[in-house]
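Going down the list, the protein sequences come from chains A and B. Numbering follows the UniProt record's numbering, with no gaps: position 351 of the first sequence is 351. Numbering follows the UniProt record's numbering, with no gaps: position 567 of the second sequence is 567. Idealized CB from N, CA, C, for every residue including glycine. Just below is one structure, and these are the notes that go with it.
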Amino acid sequence: MLNPFLAQQGGAIETPQIDYAAILPILIVLGAACVGVLLEAFLPKHQRWPVQVGLTLLTIVAAGVALGAYVGDAPEQGITTLSGTVAVDAPALFLWGTLLALALGAVLLIADRSVEPGGAFVAQAGISPGTVQDRAQVSSTGMQTEVFPLTLFALGGMMTFTAANDLLTMFIALEVLSLPLYLMCGLARRRRLISQEAAVKYFLLGAFASAFFLYGIAMLYGYAGSVRLADIAAATAGTDRSDTLLFAGFGLLMVGLLFKGSVGPFHTWTPDVYQGAPTPITAFMAACTKVAAFGALLRVLFVAFESTSWEWRGVLWAVAIISMAVGAILGLTQTDVKRMIAYSSIAHAGFLLVGTMAITDEGLSGTLFYLLAYGFTTLAAFGVISLVRDASGEATHLSAWAGLSKRSPLLAAVFTFLLLALAGIPLTSGFVGKFVVFSAALSDGMAPLVVIALVFSAVAAFFYLRVVVLMYFSEPAPEGPTVSVPGAFTTAAITLGVVVTLLLGVLPAFALDWAGAGGFALSS
Amino acid sequence: MIASSWLLVAFPALGALILLVGGRRTDAWGHLLGCATVIASFGYAVAMFVSSSLAEATDVALYSWIPVDALQVEFGLRIDPLSMTFVLLITGVGALIHVYSIGYMADDAGRRRFFGYLNLFVASMLVLVLGNSFVTLYLGWEGVGLASYLLIGWYTGRPSAATAAKKAFLMNRVGDVGLALAIFLMFSEIGSTSYAAVFAGIGDLSPAVITAIALLLLLGACGKSGQFPLQAWLPDAMEGPTPVSALIHAATMVTAGVYLVARAAPIYNLTETGRLLVTIVGAFTLLLGAIIGCAYDDIKKVLAYSTVSQIGYMMLAVGLGPFGYALGIMHLLTHGFFKAGLFLGAGSVMHGMNDEVDMRKFGGLYKRMPITFATFGLGYLALIGFPFLSGFYSKDAIIEAAFGSEGWQGWVFGGAAMLGAGITGFYMTRLVLMTFFGKERWRELKSADGREFHPHESPPVMTVPMIVLAVGSVGAGFFFALGDRLVEFLAPSVGALSEAEHTALPHALIPWLTVGLSLFGALVAWLIFGRRDVPVERPQNVSPVTRAARNDLYGNALNEALVATPGLWTTRFAVYLDNKGVDGAVNGLAAALGGSSGRLRRLQTGFVRSYALSMLGGSFLIVAALLMVRFS
Numbered sequence: 001m002l003n004p005f006l007a008q009q010g011g012a013i014e015t016p017q018i019d020y021a022a023i024l025p026i027l028i029v030l031g032a033a034c035v036g037v038l039l040e041a042f043l044p045k046h047q048r049w050p051v052q053v054g055l056t057l058l059t060i061v062a063a064g065v066a067l068g069a070y071v072g073d074a075p076e077q078g079i080t081t082l083s084g085t086v087a088v089d090a091p092a093l094f095l096w097g098t099l100l101a102l103a104l105g106a107v108l109l110i111a112d113r114s115v116e117p118g119g120a121f122v123a124q125a126g127i128s129p130g131t132v133q134d135r136a137q138v139s140s141t142g143m144q145t146e147v148f149p150l151t152l153f154a155l156g157g158m159m160t161f162t163a164a165n166d167l168l169t170m171f172i173a174l175e176v177l178s179l180p181l182y183l184m185c186g187l188a189r190r191r192r193l194i195s196q197e198a199a200v201k202y203f204l205l206g207a208f209a210s211a212f213f214l215y216g217i218a219m220l221y222g223y224a225g226s227v228r229l230a231d232i233a234a235a236t237a238g239t240d241r242s243d244t245l246l247f248a249g250f251g252l253l254m255v256g257l258l259f260k261g262s263v264g265p266f267h268t269w270t271p272d273v274y275q276g277a278p279t280p281i282t283a284f285m286a287a288c289t290k291v292a293a294f295g296a297l298l299r300v301l302f303v304a305f306e307s308t309s310w311e312w313r314g315v316l317w318a319v320a321i322i323s324m325a326v327g328a329i330l331g332l333t334q335t336d337v338k339r340m341i342a343y344s345s346i347a348h349a350g351f352l353l354v355g356t357m358a359i360t361d362e363g364l365s366g367t368l369f370y371l372l373a374y375g376f377t378t379l380a381a382f383g384v385i386s387l388v389r390d391a392s393g394e395a396t397h398l399s400a401w402a403g404l405s406k407r408s409p410l411l412a413a414v415f416t417f418l419l420l421a422l423a424g425i426p427l428t429s430g431f432v433g434k435f436v437v438f439s440a441a442l443s444d445g446m447a448p449l450v451v452i453a454l455v456f457s458a459v460a461a462f463f464y465l466r467v468v469v470l471m472y473f474s475e476p477a478p479e480g481p482t483v484s485v486p487g488a489f490t491t492a493a494i495t496l497g498v499v500v501t502l503l504l505g506v507l508p509a510f511a512l513d514w515a516g517a518g519g520f521a522l523s524s
Numbered sequence: 001m002i003a004s005s006w007l008l009v010a011f012p013a014l015g016a017l018i019l020l021v022g023g024r025r026t027d028a029w030g031h032l033l034g035c036a037t038v039i040a041s042f043g044y045a046v047a048m049f050v051s052s053s054l055a056e057a058t059d060v061a062l063y064s065w066i067p068v069d070a071l072q073v074e075f076g077l078r079i080d081p082l083s084m085t086f087v088l089l090i091t092g093v094g095a096l097i098h099v100y101s102i103g104y105m106a107d108d109a110g111r112r113r114f115f116g117y118l119n120l121f122v123a124s125m126l127v128l129v130l131g132n133s134f135v136t137l138y139l140g141w142e143g144v145g146l147a148s149y150l151l152i153g154w155y156t157g158r159p160s161a162a163t164a165a166k167k168a169f170l171m172n173r174v175g176d177v178g179l180a181l182a183i184f185l186m187f188s189e190i191g192s193t194s195y196a197a198v199f200a201g202i203g204d205l206s207p208a209v210i211t212a213i214a215l216l217l218l219l220g221a222c223g224k225s226g227q228f229p230l231q232a233w234l235p236d237a238m239e240g241p242t243p244v245s246a247l248i249h250a251a252t253m254v255t256a257g258v259y260l261v262a263r264a265a266p267i268y269n270l271t272e273t274g275r276l277l278v279t280i281v282g283a284f285t286l287l288l289g290a291i292i293g294c295a296y297d298d299i300k301k302v303l304a305y306s307t308v309s310q311i312g313y314m315m316l317a318v319g320l321g322p323f324g325y326a327l328g329i330m331h332l333l334t335h336g337f338f339k340a341g342l343f344l345g346a347g348s349v350m351h352g353m354n355d356e357v358d359m360r361k362f363g364g365l366y367k368r369m370p371i372t373f374a375t376f377g378l379g380y381l382a383l384i385g386f387p388f389l390s391g392f393y394s395k396d397a398i399i400e401a402a403f404g405s406e407g408w409q410g411w412v413f414g415g416a417a418m419l420g421a422g423i424t425g426f427y428m429t430r431l432v433l434m435t436f437f438g439k440e441r442w443r444e445l446k447s448a449d450g451r452e453f454h455p456h457e458s459p460p461v462m463t464v465p466m467i468v469l470a471v472g473s474v475g476a477g478f479f480f481a482l483g484d485r486l487v488e489f490l491a492p493s494v495g496a497l498s499e500a501e502h503t504a505l506p507h508a509l510i511p512w513l514t515v516g517l518s519l520f521g522a523l524v525a526w527l528i529f530g531r532r533d534v535p536v537e538r539p540q541n542v543s544p545v546t547r548a549a550r551n552d553l554y555g556n557a558l559n560e561a562l563v564a565t566p567g568l569w570t571t572r573f574a575v576y577l578d579n580k581g582v583d584g585a586v587n588g589l590a591a592a593l594g595g596s597s598g599r600l601r602r603l604q605t606g607f608v609r610s611y612a613l614s615m616l617g618g619s620f621l622i623v624a625a626l627l628m629v630r631f632s
């Protein structure tokens, strides 16, 4: 596969120009991940946790600082670097910022050990569930600190994914972000079996989806003779090529991306994995993976397939409707909070797709804003879920949440606010996000789809409000769960999520300005 | 002095605030504070009246009230002869009635709250007459409506009081909607609601719009002033304490409709149709009120229908346009004196008669209540237009002006007004005879709560205001009419009074004919009720006219048939539709969604193989659909 690619370069391989300042955030994250692996190997056991937590938080902050420094004098049109394989433009920078901020919150949740002694993670993942050793390690305070470098690897993959300007880079980034996630899903300290089952399911289905993605790349290469997005866009302008290859390739490529974004009908892994994974990991996946997947989807659709949008738009309409319907309708009968949020994320993926399909500046900025808003809300929601516990760990069954407001009014109020944001009630970021996305779709001639989306928003609002009713108007269960007093890390993460949700709902203008700062870099 | 005129409103508003927010702590001195604020306002008003020149209107801007884009409403006051006249009436009569209430409400546990409501009323009424825009007027309009509602329903123990309050509230809303629509129309057509801008711009509008505004304002006026077809609430409003009936439902609030038409004179001057309709409403209502007033035995209801009838005269007058604005206001003022006095007298009678209102149980009270009798008698003579008392001047002027209308209108309106004067003579004489003369029927009877009647004169705190009002009843008309004093005073506000060139009846004949008719009515009443004993039981075998009058000339039945019943059926239909149609659809949809959710859930089996299959299926469909779209 690489040979013709190399041949295209004309024999002599030139050293590509690298704009280090532009990709410095990615380099910091991936570099720190490697350092983390080394630390894991050489540090004595008791020092690993503090060092890893410090390193990870420092890395994210440093990457953020590097990003901030670059944004100050970044060219407005964006640049491409590394022979045009990576594009650093306004959407990429916005998505990087979003990813880093969300990852900061997720790492805070991952690092918290106050709620459960030793944290939510198992000490040794290799021990089989149910054995004597396994039961012994439940009470130990050890923790698999590899989770921190794994998080950084996944984060680096996500950042590369959103900036990848050719399909091969995108595929590699996809794998870099996916593989650590598969591992992290299986690390839950409690309910080990379901956690490991989730990891295996995610891995198998992820591999399946990657195959589709790769096959799609192959077909598109066959069509355009290049894997660069800009070249594919240029090729679609010509007329003498096989449109069968183009659309079959496009379809398969979409399957891979839609799978990562948990858009129906490729959502089937979502509920099982969200439920089984350790809650901090679920928070990380739900927030960051969604951002990365839709960031890449936006880039592919805007840069490579803009001119064919009339051919594929009808199909994506159907996909968006299926996703919204599946998420909203199946969410109605869920009895587990984490599964419910999983179905909510499927419905939200449908809403996001509505905005993504509007190939306009409003569609781009609206979708970016929606990603930012949704990420923080869902992060904080999982943070809250990690606090409601009974003897066997987190009490995620909805019946345990009955009458929660009487025992823990503040927590119930915070969760209510987050649910209202997910439902899209005004004065929360969810409302503004839906508003900008739907209005972008409306002005791009998708009125029927917007109507359908609004109907499903209303349906979805039912199951969010059901939880609110349950928390406020039901009698508490006699031996219901207790609400743990969150440690500083979890408190910080939840506060971050709630404040951003409120701020984006009340003063959305500044974030909308950032999201609308510019389009994708088109030159290769 | 004029610049601080907001103090006029501020005194009673502050009083209401202190009394209603302060609660029981203010019980001991609440009634005194309530009186003091109104007296302070009255004092300020008199000082303003004496010291300032009112030859032209002065707008006092206070602050920007509603600054919303194109809608800019300044909260401001307009000081001119018309508003000052009303301010003096409201605070003057109001102060007297406040003082009277100290005695009348002495035994009521909620007296302090009562004074709070009265202060609220006075403040609202002052906003109504002082505001310099229609929106400010509307604020006061709703404020007096609220106070009226609270005070009609004062006796919370009586279901009839609650019903009456609700009825007043609902019927007033009908009128308020008219007023609100008129204001909307002004805003949309002229772009402002201030008097200055509206009156300056009204001439540029099409006649149809002007008439529409005038008719909507008339609807508002009818609601507040108890004019046909919205008159039915006013008699029921007598469920409130008698001072309330005197102040709100006789002297001031119910005349707000007349004020509205007079204030909107620049609008009505431009629409003959609007004026004609005002006149028709007034003429019809004055006869309607007078006829019904003949049939009631409840002393306050007779006075209430008398009020309806007298406001009919005022509406008739202002409907005559430049011929009548000032005359309507003059009658309003004299009526304010004598009707308030009559109500206070009735209250005094009730006070001495265990709160009994049925005149058939009275009789011969003049011996027991000499002061009440004297003041009531003077009010009575003023009302029937006895020569040289105040009603004579004001009512006669209206009747003359009505005869001055052209063509058939002169005969019809003049005739109606004169006939009304005759009927007024009849029913008021009947009231006085049944109450103060004849056999002392109360001796053999007991009141509803089982006590015997011991009629007695009221304390000075009640009789002094009655005496003051009686002096007003006697002298006000002469005072206002002398040298056309009031007419000239009001000219800057409502324009100079035009005199009709010729009247349908000879000019000199009209006053004497009117007086003659009144005295004839009084004579007939004496023949029926004075010479013979009045039966204690209400006669059942009566003429159809009497029966109709006893049923309010079927006004309530009319409301019932035209509004209430269709409304009830519409409501029932809507509820039925909501239950069966809307709720059915919603519940059905919810059930359908829940059901499909339950079925779809089974697809989520937990097996990776079936998940992979669904992905594969989805991929096939996407690729197939893309290719079909492309190659179809």
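{"Asked": "Any C-beta of chain B under 7 Å from that of Asp112 of chain A", "Found": "no"}
{"Asked": "Rounded distance between the beta-carbons of Gly480 of chain A and Ala400 of chain A, thought under 8 Å", "Found": "6 Å"}
{"Asked": "Neighbour flag for Ser524 of chain A against chain B, beta carbons, 7 Å", "Found": "Model confidence at Ser524 of chain A stands at a pLDDT of 45, short of 50, so the residue's coordinates are unreliable; what they give is reported in the following sentence. So, not an interface residue."}
{"Asked": "Helix, strand or coil at Asp59 of chain B according to DSSP, with G and I counted as helix", "Found": "strand"}
{"Asked": "Sequence-distant residues of its chain with Cβ nearer than 8 Å to Gln144 of chain A (five each side left out)", "Found": "Phe121, Val122, Ala123, Gln124, Ala125 and Leu187"}
{"Asked": "Any non-hydrogen atom of the ligand SAM closer than 6 Å to Leu419 of chain A Cβ", "Found": "In terms of ligand content, the structure shown is empty, and the ligand SAM therefore cannot be addressed."}
{"Asked": "Ala45 of chain B and Val93 of chain B closer than 7 Å at C-beta", "Found": "no"}
{"Asked": "Rounded separation between Leu288 of chain B and Cys222 of chain B - CA only", "Found": "14 Å"}
{"Asked": "Anticipated Cβ contact below 8 Å, Val494 of chain B with Ala262 of chain B, distance rounded", "Found": "6 Å"}
{"Asked": "Interface flag, Val60 of chain B vs chain A, CB-CB below 7 Å", "Found": "no"}
{"Asked": "Leu38 of chain A versus A:Phe148, A:Lys434 and A:Gly350, residue with shortest Cα-Cα distance", "Found": "A:Phe148"}
{"Asked": "Inter-residue spacing [alpha-carbon to alpha-carbon] between Gly424 of chain A and Gly430 of chain A", "Found": "4 Å"}
{"Asked": "Anticipated Cβ contact below 8 Å, Arg368 of chain B with Asp297 of chain B, distance rounded", "Found": "The Cβ separation is near 20 Å, so there is no contact."}
{"Asked": "Nearest residue (CA-CA) to Tyr70 of chain A, options A:Ala92, A:Val51, A:Val499 and A:Val53", "Found": "A:Ala92"}
{"Asked": "Cβ-based burial, Pro50 of chain A [other Cβ within 10 Å; buried from 16]", "Found": "exposed"}
{"Asked": "Alpha-carbon spacing of residue 529 of chain A relative to Tyr223 of chain A, whole angstroms", "Found": "A question about residue 529 of chain A goes unanswered here, because the residues of chain A that appear run from 1 up to 524."}
{"Asked": "For Ile152 of chain B and Ala162 of chain B, the rounded distance between their alpha carbons", "Found": "8 Å"}
{"Asked": "Length of the line joining the Cα atoms of Ser345 of chain A and Phe473 of chain A", "Found": "26 Å"}
{"Asked": "Pick from B:Tyr100, B:Leu260 and B:Ile39 that is closest to Met466 of chain B, judged by C-alpha positions", "Found": "B:Tyr100"}
{"Asked": "Separation of Thr307 of chain B from Pro207 of chain B, as counted between CA atoms", "Found": "33 Å"}
{"Asked": "Residues sharing a beta bridge with Leu77 of chain B, DSSP", "Found": "B:Val60 and B:Gly131"}
{"Asked": "Interface partners of Val337 of chain A on chain B, CB under 9 Å", "Found": "In chain order: nothing, as chain B lies at least about 16 Å away."}
{"Asked": "Selection of the segment 217 to 250 of chain A by Cβ proximity to chain B, strictly under 7 Å", "Found": "Asp243, Thr244, Phe247, Ala248 and Phe250"}
{"Asked": "Minimum Cβ-Cβ distance from Val586 of chain B to chain A less than 7 Å", "Found": "no"}
{"Asked": "Delimiting residues of the beta strand (DSSP E) encompassing Ile399 of chain B", "Found": "From DSSP, Ile399 of chain B is part of no beta strand (DSSP E) but of the alpha helix (DSSP H) over Ser390 to Phe403."}
{"Asked": "Where Pro16 of chain A falls: helix, strand or coil (DSSP)", "Found": "coil"}
{"Asked": "Contacts of Glu311 of chain A in chain B (Cβ-Cβ under 9 Å)", "Found": "Leu626, Val629 and Arg630"}
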